[in-house]
Every structure is written in C-alpha cells, then in structure tokens.
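Going by this note's numbering, the first residue of the sequence shown is number 5, and it counts up by one from there. For each residue, glycine too, the CB sits at the ideal point set by N, CA and C. Note that the structure is a prediction, hence the values are computed from the model and not measured.
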Amino acid sequence: MKSKLYLTILFFLFVCSDKKNETEQGPIHRFVTQIPATEVFDSSALKKVTLLIPWKTKVTIREIIQNKDSTNIIHFSYEGKDYYGKESDFSVNEPELYMRVNVNSRLRLRSKPNKDSDVLEKIPNGYVSSILSIDPKLVTIDGIKGYWFQIAYNGLNGWIFSGYTITSRSEVSLSWADRINLEPEELSSNLSDLQTELMDYDVKETTSVNGYELILARRKNQTEMEECIEGDKLFIYNKKEDFIYKSESFSISIRQENYPFTNAILVREEHCGCCCPSASDSIIHLGKVPIKINSFLNDSTMSCSYVYGETSFSYEIKNKFTKNQENLKYVRTPDCYEFFNSNHDIDSEVTIIPPKISNEYFVYSKYGKTLEVEVYKNEGIPKQFKTLWEESNTDSQ
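Pasting the structure below:
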C-alpha cells in the first residue's frame with residue numbers, strides 16, 4: 005500500500021514538473037524575413053491575402069501545418085488576430101539588414117516616414133548602419149521609387165529614404181571599399197619555435213631564393229576535410245639571419261619565382277582551401293626582411309552580395325615597370341550597386357542607383373635590398389610620378 009502511494013506521489017510530481025517546464029518555455033515566436041513585407045492569409049489554403057506584415061515583425065506561432073503540396077504553413081497570431089503564412093517567409097532568428105548612404109550630399113534623417121516630417125539630422129555619404137524597420141509602403145521621391153528605412157544615427161532614431169542607399173545582409177560587404185589594404189606587411193616569426201613546428205608537417209616542396217629556404221608543407225595526420233580546409237603552409241627560413249616564418253590563414257602555393265623582379269615570389273592564397281573559390285595573389289619580397297604586399301598584377305574580381313542577389317565586378321588595374329626594378333600600380337575599385345536576381349519584374353518598382361563608393365589607389369614599389377612602398381589614395385597618378393608612368397613599360401623586366 006505504501007509503495008502504491010509512493011508511486012502515485014512520484015507520478016503526480018512528474019506530471020506537475022512537466023507542465024511547469026512547458027509553461028516556463030513560453031510561446032514560440034518567428035520573425036518576418038520578406039522585404040519589405042510578407043503576405044498573410046485568412047486560412048491554410050493561402051488563397052485570400054488579408055494583410056501585409058512588415059519585415060522583422062515578431063509573431064506568435066500557434067501551430068505548423070504540412071500542406072498537400074509539401075509547403076509548410078504556419079498558423080500564428082499577430083495583434084490579437086489569427087493568420088496563416090508560408091513558413092519560408094519567417095525565421096527563428098531576428099533578420100539583419102544593413103544600408104550604406106549613397107549620395108554626395110547629406111541624406112536627411114526624418115522624424116517620421118514621410119517627406120514632410122521634421123529633419124532630425126543630415127547623414128554623410130558612406131555612413132553604414134543596421135536597419136531597424138521598414139515601412140512597406142512603396143513611395144516615389146525625386147522620381148526614384150523606394151521605401152522608408154528606420155535607422156539610428158548620433159543617438160537618434162529616424163527615417164531615411166532607401167532610394168539613396170545600397171543595402172546588404174552583410175555589413176562587411178558595404179565597407180569593403182574603405183578597407184582594401186595595399187600597405188606592405190613585414191613578415192616576422194609568429195611562433196616561438198617554428199623548427200619544432202615543422203616536425204609536425206610533411207615537406208612537399210623546397211626551393212631557395214636569395215638565401216631563404218622556402219618550404220611548402222602539409223600538416224600530418226589530418227582528415228580529408230582538414231586537408232581540404234587547411235591545405236599547404238609556407239615556411240620561410242634564413243639560416244644566416246636565423247629567421248623563420250610560417251603562413252597561417254590560407255592554403256598557399258608558389259606561382260612564380262623572381263617575379264615581378266629578382267628576389268621576389270608570387271604566391272597564391274586560397275582563402276578557405278578547396279571549400280570555396282575565393283583566392284588572391286600576393287608578392288613576397290625576400291630582401292633583408294621578407295615583406296608581403298597585395299599583388300594586383302592581373303585582373304581581380306570581387307563579389308557584392310545584396311538583398312536581391314549577388315554579382316561580381318572587376319577591379320581596374322594597370323601595372324607598369326622600369327629597368328630600375330620599380331613597379332607603378334594603378335588600382336580602381338569597382339562601383340557596387342543593388343543587383344536584382346528575381347523571377348518577378350521588379351525593375352519597374354525599384355530603380356538601380358550606382359553608388360559613388362569606388363576608390364583610386366596608386367602604389368609605387370621599388371625592389372632592392374629592401375622593398376620601398378608608397379601608397380596614394382584618390383589622387384589618380386600623382387604629379388611626381390606622371391613622367392615615370394608615361395615612360396615605363398607594361399611588362400616586368
């Protein structure tokens with residue numbers, strides 16, 4: 005009798021505990037991911053549109069329904085009423101979207117999403133910010149169609165017109181033009197004992213340039229996936245100077261020796277092994293101290309991922325060389341703009357506006373016992389180099 009009573013109490017406690025846990029979990033939420041809004045319906049048949057719910061809106065899920073055509077449907081509540089929508093238009097995580105101001109003059113930050121509201125601030129060209137919300141009503145301002153974005157600037161929340169911005173799900177892709185690096189990097193020992201480190205690697209190839217031993221090696225006992233991601237590493241060793249260096253981030257290969265001049269090598273860096281096509285070329289000058297610089301010797305491409313799709317652009321690159329082992333380089337980064345990749349005819353709804361975010365770089369490099377580098381931004385061909393530029397050749401010596 006006591007054992008039965010004991011089991012009954014345990015069962016009661018177990019059931020109560022389960023109910024408590026369910027309550028503690030609380031309601032299940034989803035966020036609208038469609039830009040600028042998603043259509044919702046009055047029934048699971050998804051035939052009659054009853055409302056447009058703006059991007060990033062949070063709704064409370066009642067149930068998930070499997071439709072006949074294998075499309076998942078969510079039954080949810082919003083502002084006290086029940087609706088139905090496609091599960092693919094919602095996500096568990098709150099969506100992110102970023103914008104970059106794209107006007108030479110300043111863009112007005114307004115108190116409300118209309119042109120007649122008060123101006124709170126004026127935002128400079130190139131400013132990047134996350135988008136807090138979107139007013140889904142399509143408007144036309146200055147002959148340009150777009151939407152009102154809510155953003156924060158200088159501690160103020162306000163509204164700007166999207167027609168003068170470019171947008172992306174990645175903040176980094178909006179700032180690439182400001183972060184291109186053409187400055188030289190001095191290579192130094194990045195581990196305390198790289199000679200011991202090398203013992204954990206299988207040497208694949210060894211060559212010598214200007215007293216440096218260049219060793220391409222692959223770490224031992226890796227899985228197939230690890231080999232794919234990590235690839236080969238480059239060890240640089242100079243016995244005379246007791247100097248050693250190991251590449252870290254990328255899989256690397258030597259493409260050409262004594263190029264573009266004596267005592268320099270052209271290397272290829274695969275940014276994630278065999279997992280993606282992203283790669284870049286660099287020059288390592290093997291002088292008194294090894295120095296690495298972004299090559300930009302040949303045409304290069306970059307991709308711009310935006311809300312409606314992705315596209316690639318080429319850098320404008322011109323290289324000239326002199327008999328005195330000088331390289332004169334002109335690089336112009338491309339303009340990125342919203343690229344639409346959709347089955348719908350949206351060209352009539354949103355105008356493509358090329359932004360003014362491209363930059364010009366001029367790089368003067370002289371290869372000798374050391375590598376001398378001077379970088380100029382947005383000056384075209386600087387005056388002091390114009391004569392040398394005109395008299396130089398397009399082929400390396």
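Check: Got a sec? Which residues, its chain only, sit under 8 Å from Lys-373 by beta carbon, not counting five neighbours each side?; Outcome: Gly-291, Lys-292
Check: On a Cα-Cα basis, can you pick out the residue from Ala-268, Phe-300, Ser-284, Glu-274 that is closest to Pro-294?; Outcome: Ala-268
Check: Please look up how many angstroms separate the CB atoms of Ile-127 and Val-105, rounded, as I've assumed it's under 8 Å.; Outcome: 5 Å
Check: Which partner residues does Val-107 have in the DSSP bridge list?; Outcome: DSSP output for Val-107 lists no bridge partner at all.
Check: With a Cβ-Cβ cutoff of 8 Å, do Pro-417 and Ile-297 count as a contact?; Outcome: The requested residue 417 is not part of the displayed model; the chain covers only 5 to 401.
Check: Within a Cβ cutoff of 6 Å, which residues of the same chain sit near Asn-71, ignoring the five residues on either side of it in sequence?; Outcome: Ile-77
Check: Distance check for Thr-37 and Asp-236, CA to CA, integer angstroms please.; Outcome: 40 Å
Check: Should Ala-156 be labelled buried (16 or more other beta-carbon atoms within 10 Å of its own) or exposed?; Outcome: exposed
Check: Can you tell me whether DSSP reads Gln-388 as helix, strand or coil?; Outcome: helix
Check: So, helix, strand or coil for Glu-175, using DSSP?; Outcome: helix
Check: Since Tyr-87 and Phe-45 should fall inside the 8 Å C-beta cutoff, what is the C-beta to C-beta distance between them, to a whole number of angstroms?; Outcome: 7 Å
Check: What residues are listed by DSSP as bridge partners for Tyr-87?; Outcome: Phe-80
Check: May I have the straight-line CA-CA distance separating Thr-61 from Ala-49, to the nearest angstrom?; Outcome: 23 Å
Check: Run the CB neighbour count on Asp-120, radius 10 Å, all protein chains shown included, and call it buried at 16 or more, exposed below.; Outcome: exposed
Check: Do the region 88-104 and the region 130-137 make contact, defined as three or more Cβ pairs closer than 8 Å?; Outcome: yes
Check: Out of Ser-81, Thr-75, Leu-56, Val-53, which has the shortest C-alpha to C-alpha gap to Thr-64?; Outcome: Ser-81
Check: In this structure, how does DSSP classify Trp-59 when only helix, strand and coil are distinguished?; Outcome: coil
Check: What is the DSSP secondary structure of Asp-246, counted as helix, strand or coil?; Outcome: coil
Check: Please say whether Phe-254 and Ile-248 have beta carbons closer to each other than 8 Å?; Outcome: no
Check: With C-beta atoms as the reference, is Tyr-151 less than 8 Å away from Val-107?; Outcome: no
Check: Please identify the residue among Lys-390, Asn-97, Leu-332 whose C-alpha is closest to the C-alpha of Lys-370.; Outcome: Leu-332
Check: Nearest to Glu-231 by CA position, among Ile-138, Glu-274, Ile-39, is which residue?; Outcome: Glu-274
Check: Please report the distance separating the alpha-carbon of Ile-258 from that of Lys-390.; Outcome: 33 Å
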